[in-house]
Amino acid sequence: MHYRHLLVLCLCLGMFGSAFTPAAAQEEASTRGAQEVLPTSMLGLQDSGRFFLYLNEEVIGNYTFDWQESGAFEASRTLEYAGQKVESGLKIEVDDQGYWTRARSQTAFGDAEFRRDGPLAHMNFRDKDRELDLGPGHILYADEAPALLALIPQAYDLEVGGQQDLSTVVMPGGVIDVQVEFIGSSERAVGNRDCVFQKFQIQVATVAMELWFDDQGRLCLCEIPSQQARILREGFEALLVEPEVDGTVSAPEFTVRRRASMNVEMRDGIALSTDLYLPESDTPVPAILIRTPYKKEMLEVEGRFYARRGYAVAIQDVRGRFASGGEWKPFIQEGPDGYDTVEWLAAQDFCNGRVGMLGGSYLGVAQWQAARQRPPHLVTIVPNVSPPDPFYNIPYEYGTFFLLASLWWAEIVDTDATADLSGASFAAIGEKDYLELLKTLPVIDLDKSVLGYENAFWRQWIQHQTQDEYWDGGAFLEYLEEVRLPVFHQSGWFDGDGIGSKLNYLAMRRHGHPHQKLILGPWGHTDKATRFLGGEDFGEQALVDLPREYLRWFDYWLKGRENGVLEEPLVHLFVMGSNEWLYGDQYPLAETQFETWYFDNVRNEGASNGKGGILSRQKPSQISLPDIYRYDPGDPTPVPEMLKAKHVAEEIRQAWIDAEEEQRHALVMDHREDVLVYTSPPLQDDLTLAGPLSAVLYASSSAVDTDWFVSLNRVDAEGGIHPLGIGKLRARYRNSIHETELLEPGRVYAFTLDLWQIGIQLKAGERLRVEVTSAYFPAFSRNLNTGGNNEMETQFETASQVIYHDAARPSHIILPVIPSAKETGKNTGRQF
69 MHYRHLLVLC LCLGMFGSAF TPAAAQEEAS TRGAQEVLPT SMLGLQDSGR FFLYLNEEVI
129 GNYTFDWQES GAFEASRTLE YAGQKVESGL KIEVDDQGYW TRARSQTAFG DAEFRRDGPL
189 AHMNFRDKDR ELDLGPGHIL YADEAPALLA LIPQAYDLEV GGQQDLSTVV MPGGVIDVQV
249 EFIGSSERAV GNRDCVFQKF QIQVATVAME LWFDDQGRLC LCEIPSQQAR ILREGFEALL
309 VEPEVDGTVS APEFTVRRRA SMNVEMRDGI ALSTDLYLPE SDTPVPAILI RTPYKKEMLE
369 VEGRFYARRG YAVAIQDVRG RFASGGEWKP FIQEGPDGYD TVEWLAAQDF CNGRVGMLGG
429 SYLGVAQWQA ARQRPPHLVT IVPNVSPPDP FYNIPYEYGT FFLLASLWWA EIVDTDATAD
489 LSGASFAAIG EKDYLELLKT LPVIDLDKSV LGYENAFWRQ WIQHQTQDEY WDGGAFLEYL
549 EEVRLPVFHQ SGWFDGDGIG SKLNYLAMRR HGHPHQKLIL GPWGHTDKAT RFLGGEDFGE
609 QALVDLPREY LRWFDYWLKG RENGVLEEPL VHLFVMGSNE WLYGDQYPLA ETQFETWYFD
669 NVRNEGASNG KGGILSRQKP SQISLPDIYR YDPGDPTPVP EMLKAKHVAE EIRQAWIDAE
729 EEQRHALVMD HREDVLVYTS PPLQDDLTLA GPLSAVLYAS SSAVDTDWFV SLNRVDAEGG
789 IHPLGIGKLR ARYRNSIHET ELLEPGRVYA FTLDLWQIGI QLKAGERLRV EVTSAYFPAF
849 SRNLNTGGNN EMETQFETAS QVIYHDAARP SHIILPVIPS AKETGKNTGR QF
């Protein structure tokens, strides 16, 4: 399970380091050449000083550096936050022309050394050697030294202008291209003089930054809007311009005092440790509660942000985590404790009795479970990127076991990696080869082989494979009829828990609860907006100031501030491709037309490897014969995006290495015999999709139980494949998650699959592609096809799978088509 909290930013500090993990760069062999490749010279850039790292309004770190006239460079970084101090350093040696020759860094990830040798960099990291190809004019960078960004104006060609790719050697990771663009100049008063600053915008992976350089070419300011972070040179505090007064949100006008580790007693006598951030106020104020399993101190920035704006903020370690007492039972325990803490807060002298809740991922689940208990003083909740019930996402999704995410998350929380400011614990876990590690059966024993010990809650999850009494404490979707709360739902089209925003919102609306706000953007598992994801630039329109939107919501519902919240559209959907927002008051949007696109076999004959299937708006003919494939749990269909070269079949390995990332998907899936593919003709016109996706599969199996996976993909004009959504279903759960029902072998059933949701405009000439498989490994555990407990057994059977697509049994996918995106943009009310 993914999570959201401060550590995400601390790994980005680290602005360039966020582009990849240290082990990820240049997996394939380097291309060696004879000629030397020279970097941008560091000669003549003499400078020294200190930078401060700000997160929101808080300073959480500093950088010091000394850049000599010769180009030699030394730097150090210190992060201090949540009671932790993390230090790292860098030293760069140069030749007599200022070209770097050797660089050494000491970090929490381990020590690294780079040596430049002709066209290559020899890298040693954690006692492992690699060779990296260098680009002409490249620069050297490490997270310890933002001052090195002064090499960017040296390498950038101002006469050419526009966006330019700058090859960058990032310690300790590897070589990446950074997109750089000069965006103009600004004149600002600093001290007693006026300064003219050159401004550059750079993009590193999904992170966009704005850099300010003074007339000496020195970096003075680095703004990272999507992370609400900035790096500022000492002495240039004048660049920290106070935001313009915005009468629609509370101003940061209060002094904050902190009460650390207050023990709040629950109904059973267990004390939960709680940090309070209180504004200095003569009158009681509303309160915001954040409950986390990831260490409460890591959320100090959020606590101070809202306290400065007139809210009493309580941040609590959930039961059994860090400083709180009791036993940790994830996903099933948060309801009663949430109720008790809300009511405790409301009764405090500093609180006026109105309480809201905030937080993402598991912190969102904690809100929903508390809301199910209906504490009288809970006024509103803001669950960001929240999963739904445990049987619709993690650890199970419609019966399929979310193997990789569940085990990864178990290790994350058991090792307290979320409390490690350095990020080293996360990196070590992320470097594991899960495709190999998770092949072992039985699944239940993977805790011992991967984690090194038996994990109690992992084993409980596997032993309870229906939504029984064990899971009932974590379920809330069936209990929302009386939960009459205004809710701010926020997620992204690529959120790994994104099905939650859909199911949670629809459940509230199904019961007629008003004031359900929903924002779905082109983002992943985050409560902060970004404009870049997966190599795509979604434009400035994607950069919504989400924290400000949450503040506006709380201001209205907790303070009664008239700020227009009720006058604006409740639903905001971003359409990728056209890069515009659609607005409405319900989801799906009122104008949505759900279109059925059918599977067919153009040859009208069965196919054991159905790559020739078509996807069409036309219902298939009566004589369309079914497609057949064999599913072997011993060789499960992989998640193609997770493969490394060593995992790819030998006969296509070189083609895979040579191919662009978007081309690799088809190479893998089209090579396998256990994948059916249905592709539409090229679109004649642009097609806008915005809303829920689903599929109906008419299928039979020779097994008494099996799994179905149906994915929707965009095929671009060059043939690159881009996944849009995937549905999963373990057949025995086709009618209920409370009780299972095995299949009758050979009998045809209609299986309905939930493919989550999407917002995208496909361009004329592009195509849609549907893939049908019976495994998606190692993301999800394998169905062994025996009808037994798939996660506790080792014996398996191969199944013959038949997909029907004739007139009587028309397998199909259902798409949320927006007839005219331009018309939907004409809604009245406030827009982003």
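The opening position of the sequence shown corresponds to residue 69 in the numbering used here, with each subsequent residue numbered one higher. Every residue gets a Cβ at the ideal spot worked out from N, C-alpha and C, and that includes glycine.
Item                                                                                                      : Value
Contact between the stretch 700-709 and the stretch 850-865 (3+ Cβ pairs under 8 Å)                       : yes
Pairwise C-alpha distance: Gly602 and Arg790                                                              : First, the residue type needs correcting, since residue 790 is His and not Arg in the sequence shown. So the alpha carbons of these two residues sit roughly 10 Å apart.
For His880: DSSP bridge partner residues                                                                  : Tyr666, Val764
In DSSP terms, what Phe265 is bridged to                                                                  : Ser254
Reduced DSSP secondary structure (H/G/I, E/B, other) of Ser493                                            : helix
Distance between beta carbons of Gly229 and Glu104, contact taken as under 8 Å                            : Glu104 to Gly229, Cβ: 29 Å. No contact.
Simplified DSSP assignment, three categories, for Met576                                                  : helix
Supposed contact pair Phe268 and Val248 - C-beta distance, whole angstroms, cut 8 Å                       : 6 Å
Cβ distance (whole Å) where Ala276 is taken to contact Arg599 below 8 Å                                   : 6 Å
Residues near Gln690 by beta carbon distance below 8 Å, same chain, minus five either side                : Asp874, Ala875, Ala876
Straight-line Cα distance separating Asp668 from Leu908                                                   : Nothing can be reported for residue 908: it is not among the residues displayed for the chain, which extend from 69 to 900.
Straight-line Cα distance separating Ile826 from Glu709                                                   : 19 Å
Classification of Gly787 by the beta-carbon crowding that lies within 10 angstroms, buried from 16 upward : exposed
Between the CA atoms of Val870 and Leu121 - distance to the nearest angstrom                              : 58 Å
Simplified DSSP assignment, three categories, for Gln136                                                  : coil
Range of the contiguous alpha helix (DSSP H) that encloses Arg616                                         : 614-627
Sheet register partners of Arg389 (DSSP bridge)                                                           : Partner(s): none; Arg389 has no beta bridge.
Residue from Phe525, Ile587, Ala713 with nearest C-alpha to Pro656                                        : Ile587
Bounding residues of the alpha helix (DSSP H) (the contiguous stretch that carries Ser474)                : 471-482
Residue of Gly541, Trp539, Leu574 minimising C-alpha distance to Glu549                                   : Leu574
In DSSP terms, what His873 is bridged to                                                                  : Pro878
Tyr224 - partner residues in DSSP beta bridges                                                            : Note: Tyr224 sits in no beta bridge, so no partner.
Coil, strand or helix - Phe196 by DSSP                                                                    : It should be pointed out that residue 196 corresponds to Lys in this sequence rather than to Phe. Of the three classes helix, strand and coil, the one that applies to Lys196 here is strand, per DSSP.
Nearest-angstrom Cβ-Cβ length linking Val423 and Leu431, presumed shorter than 8 Å                        : That pair is no contact at about 15 Å.
Spatial distance of Glu809 from Arg798 (CA atoms)                                                         : 10 Å
The stretch 822-839 in contact with the stretch 738-753 per 3-pair CB rule at 8 Å                         : yes
Candidates Ala213, Glu212, Leu208, Pro214: closest to Ala223 by CA position                               : Leu208
Entirely enclosed beta strand (DSSP E) segments - the stretch 410-471, minimum 3 residues                 : 419-428, 446-452
Reduced DSSP secondary structure (H/G/I, E/B, other) of Lys159                                            : strand
C-alpha distance - Thr89 paired with Glu212, whole-angstrom precision                                     : Per-residue confidence for Thr89 stands at a pLDDT of 42, beneath the threshold of 50, marking its modelled position as unreliable; the derived number appears in the next sentence. Approximately 16 Å between the Cα atoms of the pair.
Limits of the unbroken beta strand (DSSP E) element including Ile828                                      : 817-830
Distance CB(Gly814)-CB(Ser768) smaller than 7 Å                                                           : yes
Residues near Arg442 by beta carbon distance below 7 Å, same chain, minus five either side                : Glu550, Val551
Pairwise C-alpha distance: Leu811 and Ser804                                                              : 14 Å
As assigned by DSSP and simplified to three states, the class of Ser888                                   : coil
Spatial distance of Leu792 from Asp350 (CA atoms)                                                         : 52 Å
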